[in-house]
Amino acid sequence: SQTIHQWPATLVQPVGSPLSLECTVEGTSNPNLYWYRQAAGRGLQLLFYSVGIGQISSEVPQNLSASRPQDRQFILSSKKLLLSDSGFYLCAWSRGLAGGKETQYFGPGTRLLVL
Amino acid sequence: AQSVTQPDIHITVSEGASLELRCNYSYGATPYLFWYVQSPGQGLQLLLKYFSGDTLVQGIKGFEAEFKRSQSSFNLRKPSVHWSDAAEYFCAVGAGGSGNTGKLIFGQGTTLQVKP
């Protein structure tokens, strides 16, 4: 069976510090991978998605970047955090099927607080 | 452009009562539709999905949803709510077609509170 991991679970960082959140998937190959942010009281905003190693698409301009150095590893980064980067970050995966008939499966999330 | 609307931000029902959460979508072709549930501080868990076929879809935890093309709706229902159903519920729509990456558009969510 497939599992998805995110770490850390919680992170408190000062404004201006760097960020690295990691997401890994087990039990599948060549998945599509997604990063979402969920601000307090709001829905999910898709930040990045990836259909393969080194292939990253950005959905919204922002202070964040993503990388996919390995097939089942997805990293969310920032060089200098802003207060507005606070939120709950969710990673998800799907099987990468042709035709887009995809179901996304979510990780447990990382809560980021920027002070 | 695709969009999803969940008209009710917050709903309170009594334990044992029936539940219906509304979801309306905007999409030109046949959409792929999903309902997810999120407990506080947790990730999202898939409740059910509609891709094609029977418009009444059964999911986990006793939930069901009905796809109504004429109303562009995919409402979630449960005949008898349990206290453990208190959570946030998200409706989402995905686009099909070759080259699609499986991206989903989510509604803003409905928070369900269950009174004892």
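As given, the protein sequences belong to chains A and B, one line each in that order. Per my numbering, the first sequence starts with residue 3, numbered consecutively. Per my numbering, the second sequence starts with residue 374, numbered consecutively. The C-beta atom is built at its ideal place from N, Cα and C for all residues, glycine as well. Remember, it's a predicted structure, so these values are computed and weren't measured experimentally.
Residue burial is scored here from C-beta neighbours: B:Ile433 has fewer than 16 other C-beta atoms within 10 angstroms and is therefore classed as exposed. In this structure, B:Trp408 is the residue among B:Trp408, B:Glu393, B:Gly426 with its C-alpha nearest to the C-alpha of B:Gln418.
Under the three-state reduction of DSSP, A:Arg113 is assigned to strand. Taking 8 Å as the cut-off between beta carbons, the residues of the stretch 417-437 of chain B near chain A are Leu417, Gln418, Leu419, Lys422, Phe424, in sequence order. According to the DSSP secondary-structure assignment, B:Lys451 is paired through a beta bridge with B:Leu392. Of the residues assessed, A:Asn34 falls on the buried side of the cut-off, its CB having 16 or more other CB atoms within 10 angstroms. Restricting attention to A:Ser31, A:Pro16, A:Arg97, the CA atom closest to the CA of A:Ser88 is found in A:Pro16. Residue environment analysis places B:Gly480 among the buried positions, since at least 16 neighbouring C-beta atoms fall within 10 angstroms of its C-beta. Bridge partners of B:Lys441 according to DSSP: B:Ser446.
Using a Cβ distance threshold of 8 Å, B:Arg395 and B:Gln379 count as a contacting pair. In this structure, the CA atom of A:Pro10 is about 8 Å from the CA atom of A:Glu24. Residues of the stretch 15-31 of chain A with a Cβ closer than 7 Å to any Cβ of chain B: none.
In the structure shown, A:Gly89 adopts extended strand secondary structure according to DSSP, grouped into three states.
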